[in-house]
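Structure record follows, encoded as structure tokens.
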Amino acid sequence: MATLKTLGMGKSALVYQIEEEAQSLVEVFRKTEGKPMNPSFALNLAVSNVICALVFGHRFSTEDKTFHHLLEAIEKIFNASDNVASNVS
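Using the working numbering, you'd call the opening residue of the sequence shown number 8 and step up by one each time.
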């Protein structure tokens with residue numbers, strides 16, 4: 008938080024971004040109409056959007072296919088690195 012304040016971002020900017028993403032996340036859950044779903048991707052999308060909004064000053068739509076592909080690629084990279092690490096040890 009101290010680093011964000013040094014960069015000129017107070018607590019209110021962080022809180023605002025988190026609240027905005029929480030509202031989007033609620034809307035994603037509402038659209039399921041109570042049907043079972045895996046919330047992992049929706050949660051990753053929300054957390055990534057908070058980071059992007061703070062770092063780049065831009066928030067992506069929850070429907071943005073390019074952002075979805077980016078997050079899927081990042082997930083594949085982390086999964087591949089986990090597999091390599093487990094094979095080494």
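Ideal Cβ placement from N, Cα and C applies to all residues, glycine included. Every value quoted in this text rests on a predicted model; they were computed, and no experiment measured them.
Original post:
Are the region 63–80 and the region 37–44 touching, with three or more C-beta to C-beta distances below 8 Å?
Top reply: no
**OP:** Kindly indicate which three-state DSSP category R37 falls into: helix, strand or coil?
**Re:** helix
Original post:
For E70, which of helix, strand or coil comes out of DSSP?
Top reply: coil
**OP:** Would you mind sorting L52 into buried or exposed? The rule is 16 or more other CB atoms within 10 Å of its CB.
**Re:** buried
Subject >> Classification of L60 by the beta-carbon crowding that lies within 10 angstroms, buried from 16 upward >> reply: Per the sequence shown, residue 60 should be read as Ala rather than Leu. So A60 counts as buried.
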